[in-house]
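K.L.:
Just dropping this structure here.
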């Protein structure tokens, strides 16, 4: 894959970004499943304890987060596209059109994932209200793109990136 794909100066419509995200969700689920299987094998099936209350080790949660973040960061750094972005002909770029730096890719991933902190509300609110709250916050995260002329979401503002159409 070429290091620099020809992009237009046109921002990607929000609907393309969201459909690409759905594709990437399938990739993320596969990655999480493989990491989960390997961790289950490594711990002899004793990774998650469910005696009365489900207990997921913190190291496992951090490992899953790091692996998923590595998928996005490495994709954005290597050509500016995740697997989900390819069929929709969109690419993450710096504001000047170049490939995002490592710092920009990390900031973008961390800010995009920030609403996941809301999952800590689950013991207080319950799973369903927590997931609806998370979905609402992410909707707001992306709704910003509806009002920005460059169609940037909050994580794009934070990282000084944008999603452009390929030429």
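Numbering (my numbering), first residue to last: -2 to 164.
Using N, Cα and C, we set each Cβ at its ideal position, and we do this for glycine too.
Predicted model, so just to flag it, every value in this text is computed and none were measured.
1. Any idea what DSSP makes of residue 91, helix, strand or coil?
2. Using a Cβ-Cβ cutoff of less than 8 Å, which residues in the same chain neighbour residue 80 once the five nearest sequence positions on both sides are dropped?
3. In whole angstroms, what is the alpha-carbon distance linking residue 0 and residue 144?
4. Go ahead and pull the three-state DSSP assignment for residue -2.
5. Straight-line CA distance for residue 154 to residue 93?
6. Do residue 162 and residue 5 have their C-beta atoms within less than 8 Å of each other?
7. In three-state terms, what does DSSP make of residue 161?
8. Using three-state DSSP, classify residue 80 as helix, strand or coil.
9. Between residue 18 and residue 142, how many whole angstroms is the CB-CB distance? I'm expecting something under 8 Å.
10. Using DSSP's beta-bridge definition, name the partner residues of residue 52.
11. Quick one: using the 10 Å Cβ neighbour count with 16 as the cut-off for buried, is residue 75 buried or exposed?
12. Suppose you measure from the CA of residue 109 to the CA of residue 38; what does that come to, to the nearest Å?
P.N.:
Working from what's here:
1. In the chain shown, counting from the first residue as 1, residue 91 sits at position 94. Residue 91 carries a strand assignment under DSSP once its states are collapsed to helix, strand and coil.
2. What you label residue 80 is simply residue 83 of the chain shown in a count that begins at 1. Spatial neighbours of residue 80 in its own chain (CB-CB distance under 8 Å, excluding positions within 5 residues in sequence) are listed in chain order as 20, 21, 24, 72.
3. Position 3 of the chain shown, counted from the start, is the residue given in the question as residue 0. Position 147 of the chain shown, counted from the start, is the residue given in the question as residue 144. The pLDDT assigned to residue 0 is 48, lower than 50, so where the model puts this residue is not dependable, and the model offers no usable value.
4. Position 1 of the chain shown holds residue -2. In this prediction, residue -2 has a pLDDT of 43, which is less than 50 and means its spatial position is unreliable; what the coordinates show is noted afterwards. DSSP places residue -2 in coil when its eight states are reduced to three.
5. Position 157 of the chain shown, counted from the first residue, corresponds to residue 154. Position 96 of the chain shown, counted from the first residue, corresponds to residue 93. Their backbone Cα atoms lie some 14 Å apart in a straight line.
6. Within the chain shown, residue 162 is the residue found at index 165, counting from 1. Within the chain shown, residue 5 is the residue found at index 8, counting from 1. Remark: C-beta atoms of residue 162 and residue 5 approach each other more closely than 8 Å.
7. The residue labelled residue 161 in the question sits at position 164 within the chain shown. In this structure, residue 161 counts as strand in the three-state DSSP scheme.
8. Within the chain shown, the letter at position 83 stands for residue 80. Residue state, collapsed to three classes: coil.
9. On the chain shown, position 21 is the one that residue 18 refers to. On the chain shown, position 145 is the one that residue 142 refers to. Not a contact, Cβ separation roughly 12 Å.
10. What you label residue 52 is simply residue 55 of the chain shown in a count that begins at 1. Secondary-structure assignment with DSSP links residue 52 through a beta bridge to 46.
11. On the chain shown, residue 75 is found 78 positions in, with the first residue counted as 1. Residue burial annotation: residue 75 is exposed, with fewer than 16 other C-beta atoms found within 10 angstroms of its C-beta.
12. As a first step, residue 109 must be located in the chain shown, where it is residue number 112. As a first step, residue 38 must be located in the chain shown, where it is residue number 41. Rounded to the nearest whole angstrom, the C-alpha separation of residue 109 and residue 38 is 31 Å.
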